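Engineer: Sharing a structure, written as structure tokens. Questions coming.
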Amino acid sequence: MSLLEITEVSKRFGGLQALADVDLRIEAGHIHGLIGPNGAGKTTLFNLITGLYSADSGRFVLQGTSYKPQSVHAVTMAGIARTFQNIRLFGDMSALDNVRVGRHIRSSAGLWDAIWRSRHFYSEEARLREEAMALLDYVGIAHYAEHRANSLSYGDQRRLEIARALATEPRLLALDEPAAGMNASEKNTLRSLIERIRSDGRTILLIEHDVKLVAGLCNIITVLDSGRVIAEGAPDEVQRHPKVIEAYLGASA
Amino acid sequence: MEALKHRWPIFLALALGLLLLPLAVQSIGAGWVRILALAMLYVLLALGLNIVVGYAGLLDLGFVAFYAVGAYMYALMASPHLLETFESLAQSFPQGLHTPIWLVIPLAAGLAALAGALLGLPVLKLRGDYLAIVTLGFGEIIRVFMNNLEHPVNITNGPRGLDRIDPMSLWGLSFSKPLVIADYKIASVTLYYWLFLGLVVISVIVCYRLEHSRIGRAWMAIREDELAAKAMGINTRNMKLLAFAMGASFGGVSGAMFAAFQGFVSPESFSLMESIMIVAMVVLGGIGHLPGVILGALMLAALPEVLRYIAGDIQNLTGGRIDAAILRQLLIAMAMIGIMLLRPQGLWPRPLSKSVAGKSQ
């Protein structure tokens, strides 16, 4: 059974058919790549899956139960966490606090717990701190725990964003162009981090422009062009697919 | 919390100082204690607004509405006005309406919280300037309501306001007369000051604990980036409503205390200028930082009174050509501009977490 199964998803913006009857199946434990030229509808599909936009039609099934991606927070509760193409951290908060906010739906202390400082509050705070530190350590920035998020380097901010998304304990981690703007060495660290996340049993949906990175990491790649799936398969198959070559390089003259 | 445990002697000294302050000041004149007591009410208001503006990042320019809700609630529940309007009701209260403080505080907090949530509902999707304009409108609506709610049924007595409001009383001790302990007279205003100080202390504890909790972090996440906060699974709608309601409840309690303290409320006390002053207290002191907010509130509450004396002298210099009240406004405005130029983050801003070396922003 697929982890995420979306069927016949369409989305129209005014006169533009951004997505037309798109099907996508993401298998558990895979890194699933989503590529396509600019304007192909990658980000639209991504935003539909994560609840930022609502689809005009289509069905969404996550681990056998259908979900309606109507609001961003409900999708996160259902088990899909995302990062953003242009990093969106809680800039003035510490790295540790960023990850602790990620634990929001996995903790429960309410207003009264906070005001009365109940035993539940103290035990949960201690647990949250430990878990958040473990996640920072996992992505390799534990030494910056008390530092302000927007003072971290670009690569570290990306990693913090991934740690924050992992904190929600997602079944599917959706990364929107995580390597954008990174240099070669930052990309290498990112690649090994993503591989490690997969080997720890998580499923990843990866949108990326860097074909080399995608080809090296993904088990399967879906190629979108003009709102339609034009190819799907293993990286080497997809790279040789005539429609893909046409979409990226133009029709052969 | 750890840091607080080591600093308890400072806190003890501070607490003693604050408790004894009015006793020292009352010998100069009860008027000064009165200013101190009012300043405490402003601290309460600023603490409440700080939850909305400082923590959740929602600019609210109509905060005085909740102050008015609390004040009018107490005024109606502890003055003869309602019974005079509804004579049938008078028979069920032969002694008249006198609501005890233990009921007033939770009721004022609850009613204002409800008003806060009601204001919050329609503005959930607004941010920044747009939110500010709508909340400003809400503040004015409440004031206009109070001004006009005398026809067809006289509820608020319109612009004439409500008077004969019960003074506060605690364990049978009425705050209306001075307390005499073996020849030593404690002025009535001093009793109020202590009550308000107690409420401020409770509020500071509540705010501090909220700030350092899961709820507080969720609020700050919304302030920093609302979409990212949603992507963390935070139900931003509920969290914003909670911030509006929590903040408003402080305003409501402060309003009820104000009504008891003055014995009289009228719509005039809840003008737009008051809202702006409360926002100025939060911003000037240090938005989102409790000590800063308290400092800002104390300064802006005391400054006009201090200037009352200075303004008089300057007025004499000009041969009385400039009106003292206008001069005072001018000086307050200049002081605010000066502070904002010199310390744009506020007088005592929130200490930011460390920054990675070499990167200042």
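So the protein lines, in turn, are chains L and P.
Those letters in the first sequence? Residues 887 to 1139, per my numbering, in order.
Those letters in the second sequence? Residues 2 to 362, per my numbering, in order.
The beta-carbon is built from N, C-alpha and C at its ideal position, and this holds for glycine as well.
In this text, all values refer to a predicted model and were calculated from it rather than measured experimentally.
Are there three or more Cβ pairs, one per stretch, closer than 8 angstroms when the region 100–120 of chain P is compared with the region 239–259 of chain P?
Structural biologist: Yes, the region 100–120 of chain P is in contact with the region 239–259 of chain P.
Engineer: Could you give the distance in angstroms between the alpha-carbon of ARG161 of chain P and the alpha-carbon of SER270 of chain P?
Structural biologist: Taking the straight line joining both Cα atoms gives about 12 angstroms.
Engineer: Could you tell me the distance, in whole angstroms, from the CA atom of TYR209 of chain P to the CA atom of ARG8 of chain P?
Structural biologist: Taking the straight line joining both Cα atoms gives about 16 angstroms.
Engineer: Express the C-alpha separation of GLY293 of chain P and GLY287 of chain P in angstroms, rounding to a whole number.
Structural biologist: So the two alpha carbons sit approximately 5 angstroms from each other.
Engineer: How is LEU910 of chain L classed by DSSP in three states: helix, strand or coil?
Structural biologist: Strand, per DSSP.
Engineer: I'd like to confirm the pairing. Which residues does DSSP put opposite THR951 of chain L in its beta bridges?
Structural biologist: THR951 of chain L pairs with L:LEU948.
Engineer: Smallest Cα separation from ALA219 of chain P: which of L:MET963, L:HIS990, L:ARG1057 and L:ILE1090?
Structural biologist: With distances taken between Cα atoms, ALA219 of chain P lies closest to L:HIS990.
Engineer: Let's see if you can read the secondary structure: which residues bound the alpha helix (DSSP H) around ALA25 of chain P?
Structural biologist: Per DSSP, ALA25 of chain P belongs to the alpha helix (DSSP H) from 9–26.
Engineer: Are any of the Cβ atoms in chain P nearer than 9 angstroms to that of ASP1023 of chain L?
Structural biologist: Answer no: the Cβ-Cβ gap between ASP1023 of chain L and chain P never drops below 9 angstroms.
Engineer: Report the rounded CA-to-CA distance for PRO365 of chain P versus GLY173 of chain P, giving the unit in angstroms.
Structural biologist: Residue 365 of chain P lies beyond the range of chain P shown here (2 to 362); nothing can be said about it.
Engineer: Rank L:THR1054, L:SER980 and L:ALA1028 by C-alpha distance to the C-alpha of SER356 of chain P and give the top, closest one.
Structural biologist: Minimum Cα distance to SER356 of chain P is reached at L:SER980.
Engineer: Just how far apart, CA to CA, sit VAL1124 of chain L and HIS1095 of chain L?
Structural biologist: Their backbone Cα atoms lie some 15 angstroms apart in a straight line.
Engineer: Three-state secondary structure (DSSP) at ILE311 of chain P?
Structural biologist: Helix, per DSSP.
Engineer: Any idea if ASN158 of chain P is buried or exposed, counting beta-carbon neighbours within 10 angstroms, 16 or more meaning buried?
Structural biologist: Buried: at least 16 other Cβ atoms inside 10 Å.
Engineer: With a cut-off of 9 angstroms, does the C-beta of VAL207 of chain P fall near any C-beta of chain L?
Structural biologist: At least one chain L Cβ lies under 9 angstroms of VAL207 of chain P.
Engineer: Going by C-alpha to C-alpha distance, which of L:LYS1098, L:THR1108, L:LEU1076 and L:SER1078 sits closest to LEU1091 of chain L?
Structural biologist: The shortest Cα separation from LEU1091 of chain L among L:LYS1098, L:THR1108, L:LEU1076 and L:SER1078 belongs to L:THR1108.
Engineer: With ARG968 of chain L as the anchor, note down where its beta strand (DSSP E) starts and where it stops.
Structural biologist: Unbroken beta strand (DSSP E) run through ARG968 of chain L: 966–968.
Engineer: Where are the alpha helix (DSSP H) runs, 4 residues long or more, that stay fully inside the region 1001–1027 of chain L, in chain order?
Structural biologist: DSSP runs (the alpha helix (DSSP H)) wholly in the region 1001–1027 of chain L: 1005–1025.
Engineer: Would the beta-carbon of LEU920 of chain L fall within 9 angstroms of that of LEU938 of chain L?
Structural biologist: Contact flag unset, no.
Engineer: Closest Cβ-Cβ distance between MET221 of chain P and chain L: below 9 angstroms?
Structural biologist: Closer than 9 angstroms: yes.
Engineer: Name the chain L residues that come within less than 9 angstroms of ILE235 of chain P, Cβ to Cβ?
Structural biologist: Per Cβ cutoff of 9 angstroms: HIS959, THR962, VAL987, HIS990 and ILE991.
Engineer: So PHE1089 of chain L is in the beta strand (DSSP E); what residue range does that whole segment cover?
Structural biologist: Note that residue 1089 of chain L is Thr in the sequence shown here, rather than Phe. Where THR1089 of chain L is concerned, the enclosing beta strand (DSSP E) stretches over 1089–1093.
Engineer: Just to confirm the assignment: which complete beta strand (DSSP E) runs, minimum length 3, are found wholly within the region 168–205 of chain P?
Structural biologist: Listed in chain order, they are 180–182 and 185–187.
Engineer: I'd like to know if ASP909 of chain L contacts chain P, where contact means its C-beta is closer than 9 angstroms to some C-beta of that chain.
Structural biologist: For ASP909 of chain L, the answer is no, since every Cβ of chain P falls outside 9 angstroms of its Cβ.
Engineer: If you compare alpha carbons, which of P:LEU291, P:GLY320 and P:GLY297 is closest to VAL280 of chain P?
Structural biologist: For the residues P:LEU291, P:GLY320 and P:GLY297, the minimum Cα distance to VAL280 of chain P belongs to P:GLY297.
Engineer: Kindly indicate if chain L contains any beta-carbon less than 9 angstroms away from that of LEU353 of chain P.
Structural biologist: It does: the Cβ of LEU353 of chain P has a partner Cβ on chain L nearer than 9 angstroms.
Engineer: What whole-angstrom Cβ distance do LEU1021 of chain L and ALA1065 of chain L have, given they're in contact under 8 angstroms?
Structural biologist: Not confirmed; about 21 angstroms, so no contact.
Engineer: Does DSSP put GLU894 of chain L in a helix, in a strand, or in coil?
Structural biologist: In the structure shown, GLU894 of chain L sits in a strand (DSSP, three-state: E or B).
Engineer: I'd like to know whether the C-beta atoms of PHE970 of chain L and GLU1072 of chain L end up nearer to each other than 9 angstroms.
Structural biologist: No, the pair does not count as a contact, with Cβ atoms beyond the cut-off.
Engineer: When you compare the region 97–116 of chain P with the region 175–184 of chain P, are there three or more beta-carbon pairs, one atom per stretch, that lie closer than 8 angstroms?
Structural biologist: No, because fewer than three Cβ pairs between the region 97–116 of chain P and the region 175–184 of chain P fall closer than 8 angstroms, the two stretches do not touch.
Engineer: Alpha carbon to alpha carbon, how far is PRO10 of chain P from ALA260 of chain P?
Structural biologist: The alpha-carbon atoms of PRO10 of chain P and ALA260 of chain P are separated by roughly 35 angstroms.
Engineer: Residues in the same chain with beta-carbon distance under 8 angstroms from MET1068 of chain L, minus the five sequence neighbours each way, listed in chain order, please.
Structural biologist: Answer for MET1068 of chain L: TYR1040, GLY1041, ARG1044 and LEU1076, listed in chain order.
Engineer: Tell me the DSSP bridge mates of SER980 of chain L?
Structural biologist: DSSP lists L:ARG1034 as partners of SER980 of chain L.
Engineer: Residues in its own chain within less than 6 angstroms of ILE295 of chain P by CB, not counting five upstream and five downstream?
Structural biologist: Counting only Cβ-Cβ distances below 6 angstroms, and skipping sequence neighbours, we find VAL44.
Engineer: Pick out whichever of L:ASP909, L:ASN984, L:ALA960 and L:PRO955 has its Cα sitting closest to the Cα of ARG215 of chain P.
Structural biologist: When each option's Cα is compared against that of ARG215 of chain P, the closest is L:ASN984.
Engineer: What separation, rounded to the nearest whole angstrom, lies between the Cα atoms of LEU198 of chain P and TYR953 of chain L?
Structural biologist: If you take the alpha carbons of LEU198 of chain P and TYR953 of chain L, they lie about 52 angstroms apart.
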